[in-house]
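These notes concern the structure reproduced below.
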Amino acid sequence: MLGYSHTIQMDITITLADGVPIYRQIANQIRYLAASGQLAPGEELPPIRTLALQLRVTPNTVVKAYGELEAAGVVWKRAGAGTYVSEGLSRLADRERERILEQRLDALLAEAHHLNFTTDDVLRMFNERRALMTRVPDGELARKEKE
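Heads up: the sequence shown runs through residues 450 to 596, numbered per our numbering.
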């Protein structure tokens with residue numbers, strides 16, 4: 450049943466200066482990994498003690514993060530056998546992907562406002578950056594942008 454799963458090493462960064470509780474930072478980053486497809490359905494998350502040691506936090510912090518993820522349907526726990534990324538994640542992943550982008554947009558718009566940029570300024574810069582990102586090495590726009 451779970452033969453295809455394996456325990457993974459997760460790249461999670463804890464930032465003490467941003468004021469977000471550590472368990473929430475862990476949960477948010479695991480949500481992002483699942484929503485972006487970097488964690489596949491059925492993959493086993495690191496055991497609580499292993500992740501706690503890796504992140505240099507208490508096991509209770511990881512327990513709280515995993516509990517939040519389980520309540521949200523991102524993961525499920527099998528008693529004595531670990532914590533796994535939920536199988537029915539596709540609808541959740543779509544919502545999470547949208548939520549993540551909305552949070553980043555909110556932060557961008559708030560920062561733009563504080564720096565006295567107009568919406569038109571932000572849109573112009575967005576389009577300029579997007580154009581730079583879609584250029585192929587020889588300087589031509591990628592086919593996708595041309596079509």
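Here a beta-carbon is modelled for each residue, glycine too, at the ideal position from N, C-alpha and C.
None of these values were measured; they are calculated from a predicted model.
- Within the same chain, 507, 508, 510 and 511 come within 8 Å of residue 501 by CB-CB distance, once the 5 residues on both sides are set aside.
- DSSP places residue 519 within a helical segment (H, G or I) once states are collapsed to three.
- Within the segment 458-521, the complete alpha helix (DSSP H) segments at least 4 residues long are 471-484, 497-504 and 508-520, listed from N- to C-terminus.
- Rounded to whole angstroms, residue 576 and residue 480 show a C-alpha spacing of 28 Å.
- When rounded, the separation of the alpha-carbon atoms in residue 563 and residue 526 is 43 Å.
- Residue pairing for residue 524: DSSP places it in a beta bridge opposite 534.
- Under the DSSP assignment, residue 575 falls in the alpha helix (DSSP H) whose first and last residues are 568-582.
- When DSSP states are grouped into helix, strand and coil, residue 564 belongs to the coil group.
- 477 is the residue among 471, 477, 469 and 460 whose C-alpha sits nearest the C-alpha of residue 550.
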